[in-house]
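J.: Sharing a structure below in structure tokens format, with a few things to ask.
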Ligand SMILES: *Cc1c(COP(=O)(O)O)cnc(C)c1O
């Protein structure tokens with residue numbers, strides 16, 4: 008697959024939705040191919056991997072915007088705030104409080120919602136949202152939206168609809184939802200960010216050991 012062609016195919020369907028090119032497990036030369044098309048918004052799910060791949064790329068392209076879309080451990084907060092512009096995975100009070108202690112300026116945050124209420128999944132329960140939103144406001148974090156990964160092997164449409172309703176209800180402008188297999192539906196349902204990896208780069212290599 009030619010990266011510039013798969014990117015162009017996706018970008019044709021975006022409308023006003025922004026594309027986050029998810030580069031986890033993919034090499035710097037692959038990322039360079041995306042940069043060569045003019046694209047600048049990227050997502051990674053691990054702090055360590057991002058810290059290894061992106062500083063050189065950023066030196067060449069200072070306008071790269073980096074989104075953390077994977078879980079954040081409290082012992083990696085400082086490193087995450089050093090490298091990422093947007094963090095999509097706030098999901099618990101302790102994490103929000105520890106981030107706020109760094110008084111992060113010029114950063115944007117989203118709360119991850121476990122929209123299918125799946126026991127093994129990251130993200131907060133829908134009923135915990137008001138308390139987490141209030142906590143972000145209390146600490147003056149720049150909370151801009153909500154993020155979700157809907158249950159696998161189910162029609163994502165009702166989950167995306169519920170996410171859009173929650174964002175409207177809480178007056179949050181950004182909705183981060185939709186991946187390679189379901190981004191068209193997410194766009195229809197009002198995603199402002201889709202997070203796409205394999206539809207751009209092809210299949211990922213096996214995931215390395217956790218940090
Ligand atoms: C890997 C990942 C994606 C992209 O997945 P694809 O199916 O390759 O498009 C999106 N969101 C999150 C949170 C991810 O970890």
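In the numbering used here, the protein residues as written are 8 to 218.
Cβ atoms here follow ideal geometry from the backbone N, Cα and C, with glycine treated the same way.
Could you compute how far the alpha carbon of residue 152 sits from the alpha carbon of residue 131?
T.: Cα to Cα, the separation comes out at about 14 Å.
J.: Quick one: is residue 126 buried, meaning 16 or more other Cβ sit within 10 Å of its Cβ, or exposed?
T.: With fewer than 16 Cβ atoms within 10 Å of its Cβ, residue 126 is classed as exposed.
J.: DSSP on residue 56, reduced to helix/strand/coil?
T.: If DSSP states are grouped into helix, strand and coil, residue 56 belongs with the helices.
J.: Under a Cβ-count criterion, where at least 16 other Cβ atoms within 10 Å of its own Cβ denotes burial, should residue 53 be classed as buried or exposed?
T.: Answer is buried; the Cβ neighbour count reaches 16.
J.: List the endpoints of the continuous alpha helix (DSSP H) containing residue 167.
T.: Per DSSP, residue 167 belongs to the alpha helix (DSSP H) from 164 to 176.
J.: Which residues mark the beginning and the end of the alpha helix (DSSP H) in which residue 11 is found?
T.: Note, residue 11: alpha helix (DSSP H), 10 to 18.
J.: Can you say whether residue 21 is buried or exposed, counting buried as having 16 or more other CB atoms within 10 angstroms of its CB?
T.: With fewer than 16 other Cβ atoms within 10 Å, it is exposed.
J.: Kindly list the residues whose CB is nearer than 6 Å to the CB of residue 18, restricted to its own chain and excluding five residues on each side of it in sequence; keep chain order.
T.: The answer is none, since no qualifying residue turns up.
J.: Under DSSP, the alpha helix (DSSP H) around residue 119 begins and ends at which residues?
T.: No alpha helix (DSSP H) holds residue 119; the beta strand (DSSP E) holding it covers 115 to 120.
J.: From the DSSP output, in three-state form, read off residue 47 for me.
T.: Correct three-state label for residue 47: coil.
J.: Hey, would you say the C-beta of residue 31 is under 7 Å away from at least one heavy atom of ligand 1?
T.: Checking the Cβ of residue 31 against ligand 1 gives yes.
J.: Could you compute how far the alpha carbon of residue 64 sits from the alpha carbon of residue 110?
T.: Each residue's alpha carbon lies about 26 Å from the other.
J.: Residue 106 and residue 148 - do their beta-carbons sit closer together than 8 Å?
T.: Yes. Within cutoff.
J.: Just to confirm, is the Cβ distance from residue 28 to residue 46 under 8 Å?
T.: Cβ atoms of residue 28 and residue 46: closer than 8 Å.
J.: Does ligand 1 have a heavy atom nearer than 7 Å to the CB of residue 13?
T.: No - ligand 1 has no heavy atom lying nearer than 7 Å to the Cβ of residue 13.
J.: With distances taken from CA atoms, which of 57, 182, 170 and 138 is nearest residue 101?
T.: The shortest Cα separation from residue 101 among 57, 182, 170 and 138 belongs to 138.
J.: Less than 8 Å between the C-beta atoms of residue 60 and residue 35, yes or no?
T.: Yes, the pair counts as a contact, with Cβ atoms nearer than the cut-off.
J.: Hey, quick one: how far does the alpha helix (DSSP H) through residue 95 stretch, first residue to last?
T.: Residue 95 -> not in any alpha helix (DSSP H); beta strand (DSSP E) instead, spanning 93 to 97.
J.: So, residue 117 versus residue 95, is the Cβ gap smaller than 8 Å?
T.: Cβ distance < 8 Å, so residue 117 and residue 95 count as in contact.
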